[in-house]
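In the working numbering, the protein residues as written are 75 to 362. Report on one structure; see the data block that follows.
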Amino acid sequence: MIYSMTGYASSQRELSHGVLAVELRAVNHRFLDLSLRLPEEFRALEGAIREKLTGRLNRGKLECRVSWGTKDGAVSQLRLNNALVAELLRLADQVKEHQATAGDLRMGEILRWPGVIESDALPSEILQSTALELLDLALDDFLASRAREGEKLGAILLARADEMEDVLAQIKPRLPQIVEEYEAKLKQRFVDAIGTADDDRIRQEMVLFAQKIDVQEEVDRLHTHIAELRRIVKTGGNAGKRLDFLMQELNREANTFGSKSISVDTTKVAMTLKVLIEQMREQIQNIE
């Protein structure tokens, strides 16, 4: 299965004091470009989040957003750590015994001391572990959505491949006739110009020209590339770069086919092939 680079997924969980959510959204990009939007409480998770994302994604410009919103009216209950306050005051008294000029601890200094004020809010460890769980859930949904989109892209590519093969199948039986008709026109021009087309040198030039306008080799290579396209789509995986390279090869053969065109019909075929290839190229830009 091939995967699209575009996708969206989110997961959230209601906790005692609020709602924790993880959101993933991505668009196409040549490489994997991660952008993390994390509240201060979750900054410590940046490394773990990047590791999870790079372990399951290969290409795309992806934004991962973690949000923590408290419930309306939810207020954390604060309480004083009496044991710690008492210990701080005892130590302050000891300092004054050694340094009589030392001032007393002010209330603001005591309240700002780490651990003096305790809260019944969820510990940061629980919030962070929950965020990682939600990230795993969001990633599962995200990959599933990219797979669904990739399946649609694969179907489009195969449909365009069918159209290319139909066009080639229609023109292929007519190629010998087209060459013969063009040779007949050239011979008539020689006759009109010099009165004959039986000169050995003219016949040699005609043979060489026939070789130059022969597009059978291009048709065969186009069929080969189309078969490879089908194989890549069927195999799946990280197919975007391989398919992009294959479009270059298909376009090269279509250009050569067009440059050798000697009739309106073959010119139309070349233009149709190039349009179909360009349509496939546009879709491939979204494939991982």
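Each residue gets a CB set at the ideal place from its N, CA and C atoms; glycine is no exception. Source: prediction; values computed, not measured.
Keeping to the same chain, check which residues put their C-beta closer than 7 Å to that of A83; ignore five residues upstream and five downstream.
Around A83: L98, A212, D215, F216 and S219.
Whose C-alpha, out of L320, T330 and G81, is nearest the C-alpha of V343?
The residue with the shortest Cα to Cα distance from V343 is T330.
E327 CB to nearest chain B CB: under 8 Å?
Protein chains in the displayed structure number just one, and chain B is not present.
Straight-line gap, E223 to L131 (C-alpha atoms, nearest Å)
Counting only the Cα atoms, L131 lies some 15 Å from E223.
Straight-line CA distance for G121 to L112?
Their backbone Cα atoms lie some 12 Å apart in a straight line.
Check for me: the beta strand (DSSP E) holding K135 runs from which residue to which?
Per DSSP, K135 is one residue of the beta strand (DSSP E) stretching across G134 to T144.
For E362 and L303, the rounded distance between their alpha carbons
Cα-Cα distance, rounded: 15 Å.
Going by the CB atoms, is the gap between S78 and L227 shorter than 8 Å?
Judged by beta-carbon spacing, S78 lies within the 8 Å limit of L227, meaning their Cβ atoms are closer than that value.
DSSP on D194, reduced to helix/strand/coil?
At D194 the pLDDT is 46, less than 50, meaning the model places this residue with poor confidence; the figure from the coordinates comes in the next sentence. Here D194 carries a coil assignment [DSSP, helix/strand/coil].
Cα separation between L89 and L110?
Roughly 23 Å separates the two Cα atoms.
On the criterion of 16 or more Cβ atoms from any shown chain inside 10 Å, does G143 qualify as buried, or is it exposed?
Exposed.
Roughly how many angstroms separate the alpha carbons of A233 and G332, rounded to a whole number?
So the two alpha carbons sit approximately 22 Å from each other.
For Y366, three-class secondary structure by DSSP
Since the first and last residues shown for the chain are 75 and 362, residue 366 lies out of range.
Between the C-alpha atoms of L242 and P250, what's the straight-line distance to the nearest angstrom?
Distance between the alpha carbons of L242 and P250: 14 Å.
So, under 8 Å CB-CB, K126 and L231 are touching, yes? Tell me the CB distance rounded to an integer number of Å.
Not confirmed; about 30 Å, so no contact.
Since E97 is in the beta strand (DSSP E), which residue starts that stretch and which ends it?
Per DSSP, E97 belongs to the beta strand (DSSP E) from G92 to V101.
Reducing DSSP to helix, strand and coil, say where G311 ends up.
DSSP places G311 in strand when its eight states are reduced to three.
Nearest-angstrom Cα distance between A205 and K135?
Rounded to whole angstroms, A205 to K135 spans 21 Å at the Cα level.
Please identify the residue among Q168, K315, A258 and T346 whose C-alpha is closest to the C-alpha of A328.
Of the listed residues, the one whose Cα sits closest to A328 is T346.
Environment of H172 [buried if 16+ CB atoms lie within 10 Å]:
H172 sits exposed, since fewer than 16 C-beta atoms from the chains shown fall within 10 Å of its C-beta.
So, at 6 Å on beta carbons, what are the nonlocal neighbours of L179 in its own chain, with the 5 sequence-adjacent residues on each side left out?
These residues qualify, in order along the chain: A166.
Buried or exposed for A100, going by 16 or more other Cβ atoms inside 10 Å?
In the assembly as shown, A100 is a buried residue. Its beta-carbon has 16 or more other beta-carbons within 10 Å.
Ranges of the beta strand (DSSP E) found wholly within the region 301 to 359, counting only runs of at least 3
List check, beta strand (DSSP E) in window: nothing returned.
From L350 to M238, what does the alpha carbon distance come to, in whole angstroms?
A straight-line Cα-Cα distance of about 7 Å links L350 and M238.
Cross-strand partners of L232 (DSSP beta bridge):
DSSP, once it has assigned bridges, lists no residue as partnering L232.
Roughly how many angstroms separate the alpha carbons of V307 and E207, rounded to a whole number?
A direct Cα-to-Cα measurement between V307 and E207 gives close to 32 Å.
Residue closest to G314, alpha-carbon to alpha-carbon, out of I287, I336, Q359 and E292
Nearest C-alpha to G314 among I287, I336, Q359 and E292: Q359.
Let me check understanding here. Comparing Cα to Cα, which of D318, Q322 and Q290 lies closest to K334?
With distances taken between Cα atoms, K334 lies closest to Q290.
Check the C-beta distance from T80 over to N102 and give it rounded, since I have them as a contact under 8 Å.
At roughly 6 Å, the Cβ-Cβ gap stays under 8 Å, so T80 and N102 are in contact.
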